[in-house]
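Beneath this line is the structure, given in structure tokens, with notes to follow.
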Amino acid sequence: MDGVAQLRRQFAEYTNSLFQEGILNQQFNQLQQLQDESNPNFVFEVVSLFFQDSERLLNELAIVLIQENINFRKVDAHVHQLKGSSSSIGANRVQDACIAFKRYCEAQNIEGCLKCLQQVKTEYFLVKNKLEAFFKMEQQLSAASQSGSK
Amino acid sequence: MMQGNIWISPNTVGFAQSMTLLLRFQLQSSFGRAMFAPKDSPEHPNSNSQFRGLKIVLADDDDVNRMVTKKLLEKLGCQVTAVSSGFECLSALSSSENSSRLILLDLQMPDMDGFEVATRIRKFRSRNWPLIIALTASAEDNVWERCLHVGMNGVIRKPVLLQGIADELRRVLHLAGESL
Numbered sequence: 001m002d003g004v005a006q007l008r009r010q011f012a013e014y015t016n017s018l019f020q021e022g023i024l025n026q027q028f029n030q031l032q033q034l035q036d037e038s039n040p041n042f043v044f045e046v047v048s049l050f051f052q053d054s055e056r057l058l059n060e061l062a063i064v065l066i067q068e069n070i071n072f073r074k075v076d077a078h079v080h081q082l083k084g085s086s087s088s089i090g091a092n093r094v095q096d097a098c099i100a101f102k103r104y105c106e107a108q109n110i111e112g113c114l115k116c117l118q119q120v121k122t123e124y125f126l127v128k129n130k131l132e133a134f135f136k137m138e139q140q141l142s143a144a145s146q147s148g149s150k
Numbered sequence: 151m152m153q154g155n156i157w158i159s160p161n162t163v164g165f166a167q168s169m170t171l172l173l174r175f176q177l178q179s180s181f182g183r184a185m186f187a188p189k190d191s192p193e194h195p196n197s198n199s200q201f202r203g204l205k206i207v208l209a210d211d212d213d214v215n216r217m218v219t220k221k222l223l224e225k226l227g228c229q230v231t232a233v234s235s236g237f238e239c240l241s242a243l244s245s246s247e248n249s250s251r252l253i254l255l256d257l258q259m260p261d262m263d264g265f266e267v268a269t270r271i272r273k274f275r276s277r278n279w280p281l282i283i284a285l286t287a288s289a290e291d292n293v294w295e296r297c298l299h300v301g302m303n304g305v306i307r308k309p310v311l312l313q314g315i316a317d318e319l320r321r322v323l324h325l326a327g328e329s330l
């Protein structure tokens with residue numbers, strides 16, 4: 001049982017660090033609270049959907065921004081969607097990067113937009129790695145507690 | 151208290167054959183009052199009995215937001231039909247088996263945005279029915295005015311929080327209960 005206790009502590013510390021570093025905010029807590037018996041993988045499902053949508057949007061943004069005549073309305077729509085979904089799951093830093101992105105988009109500042117796209121990508125892959133590690137630890141913990149209780 | 155009655159009709163052997171419970175309900179306003187029933191204890195702020203069975207159509211083009219908002223509404227006890235565009239929202243409303251009392255409408259959707267969906271609903275259907283609440287990430291001051299102008303009943307700011315959604319549903323339903 002010591003192993004389980006240790007895993008549990010590590011998991012709690014890791015989760016805590018995600019909030020401390022501003023990678024996640026309380027919106028993610030709400031997701032966790034919404035998860036129940038009727039939908040035990042809710043958080044994982046929402047976050048997976050977030051990964052899928054974000055990667056699609058990031059790809060589309062990269063394509064739109066290298067075109068000769070940039071369609072800034074399209075850029076704004078994509079960034080707006082990314083801002084919305086990141087705020088829904090509590091991916092705080094992605095959301096903040098999107099807010100800066102939107103400003104450059106409104107000013108039709110191409111260089112600023114390209115910089116922001118890089119920034120959003122960096123933050124996105126950071127939260128993705130962190131959340132993948134989070135789910136892995138959660139899974140290990142649940143497997144360890146189950147075998148411990150037998 | 152409710153001026154009701156209860157009686158049992160025994161059959162010849164003395165066993166209860168049928169039982170009648172008569173309760174008086176005030177139409178509409180009692181619904182509003184139930185909404186304002188004492189708040190649940192702090193340990194259970196998310197009690198899902200308040201909006202039990204309330205039928206809602208949720209329209210949001212963003213997959214993640216739609217999934218989260220749908221789950222929030224279900225937690226509150228609502229029965230949710232989730233759609234991903236303005237067109238789907240209108241067709242969901244026009245299907246005969248749909249009897250939704252309330253629509254939660256994202257304002258920023260491609261092709262047909264929330265304002266247009268609301269305008270069409272108000273043009274072709276009743277002025278007061280179904281109730282329409284806007285979902286928006288916009289922080290602009292005039293959003294509320296624009297929503298009112300096309301006949302919407304409320305606004306919820308994104309990201310959606312359980313308490314925020316419950317408060318606005320309660321407010322809008324209460325107002326409707328009083329005016330209808």
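These protein sequence lines are chains W and D, in that order. Taking the numbering used here as reference, the numbering of the first sequence is continuous, increasing by one, and the terminal residue is 150. Taking the numbering used here as reference, the numbering of the second sequence is continuous, increasing by one, and the terminal residue is 330. Just so you know, even glycine gets a beta-carbon here, dropped at the ideal spot from N, CA and C.
{"Item": "Beta-bridge partners of Val233(D), as assigned by DSSP", "Value": "Ala209(D)"}
{"Item": "Euclidean distance between Cα positions of Ala284(D) and Lys225(D)", "Value": "19 Å"}
{"Item": "Beta-carbon spacing of Ser144(D), Asp211(D) below 8 Å", "Value": "Residue 144(D) cannot be examined here, being either before or after the span of chain D that is shown, 151 to 330."}
{"Item": "Interface flag, Val46(W) vs chain D, CB-CB below 8 Å", "Value": "yes"}
{"Item": "Cβ neighbours of Ile253(D) in the same chain (closer than 6 Å, five flanking residues each side left out)", "Value": "Val207, Pro280 and Ile282"}
{"Item": "Same chain, Cβ closer than 8 Å to Asp76(W), five either side skipped, listed in chain order", "Value": "Lys102, Cys105 and Glu106"}
{"Item": "C-alpha gap between Glu266(D) and Asn215(D), whole angstroms", "Value": "20 Å"}
{"Item": "Members of the region 211-225 of chain D near chain W, C-beta cut-off 7 Å", "Value": "Asp212, Asp213, Val214, Asn215, Met217, Val218, Lys221, Leu222 and Lys225"}
{"Item": "Nearest candidate by alpha-carbon position, reference Asp213(D), set Asn69(W), Ile66(W), Phe51(W) and Ala62(W)", "Value": "Phe51(W)"}
{"Item": "Residues of the region 239-261 of chain D with Cβ closer than 8 Å to any Cβ of chain W, in chain order", "Value": "Gln258 and Pro260"}
{"Item": "DSSP bridge partner residues for Asp286(D) (one or two, in chain order)", "Value": "In the sequence on display, residue 286(D) carries Thr and not Asp. Note: Thr286(D) sits in a beta bridge opposite Arg307(D)."}
{"Item": "8 Å Cβ cutoff, Cys105(W) in contact with chain D", "Value": "no"}
{"Item": "Buried versus exposed, by CB contacts within 10 Å (16 or more), His80(W)", "Value": "buried"}
{"Item": "Contacts around Glu295(D), its chain only, beta-carbon distance under 6 Å, and the 5 residues preceding and following it disregarded", "Value": "none"}
{"Item": "Positions along the region 287-299 of chain D whose CB lies within less than 9 Å of some CB in chain W", "Value": "Ala287"}
{"Item": "Interface flag, Leu311(D) vs chain W, CB-CB below 8 Å", "Value": "yes"}
{"Item": "Reference Cys228(D), options Ala326(D), Leu312(D) and Gly327(D), closest by Cα", "Value": "Leu312(D)"}
{"Item": "Of the residues Ala62(W), Asp96(W) and Ala144(W), the one placed nearest Glu111(W), counting alpha carbons only", "Value": "Ala62(W)"}
{"Item": "Through-space distance from Cys116(W) to Lys128(W), alpha-carbon basis", "Value": "18 Å"}
{"Item": "Cross-chain neighbours of Leu49(W) in chain D, by beta carbon under 7 Å", "Value": "Asp213, Val214 and Met217"}
{"Item": "Nearest-angstrom Cβ-Cβ length linking Gln27(W) and Ser85(W), presumed shorter than 8 Å", "Value": "Gln27(W) to Ser85(W), Cβ: 11 Å. No contact."}
{"Item": "Reduced DSSP secondary structure (H/G/I, E/B, other) of Glu91(W)", "Value": "According to the sequence as given, residue 91(W) is Ala; it is not Glu. If DSSP states are grouped into helix, strand and coil, Ala91(W) belongs with the strands."}
{"Item": "Which of helix, strand or coil DSSP assigns to Asn39(W)", "Value": "strand"}
{"Item": "is_contact[His80(W), chain B] using C-beta, thresh 8 Å", "Value": "In the structure shown, chain B does not exist; the protein chains are W and D."}
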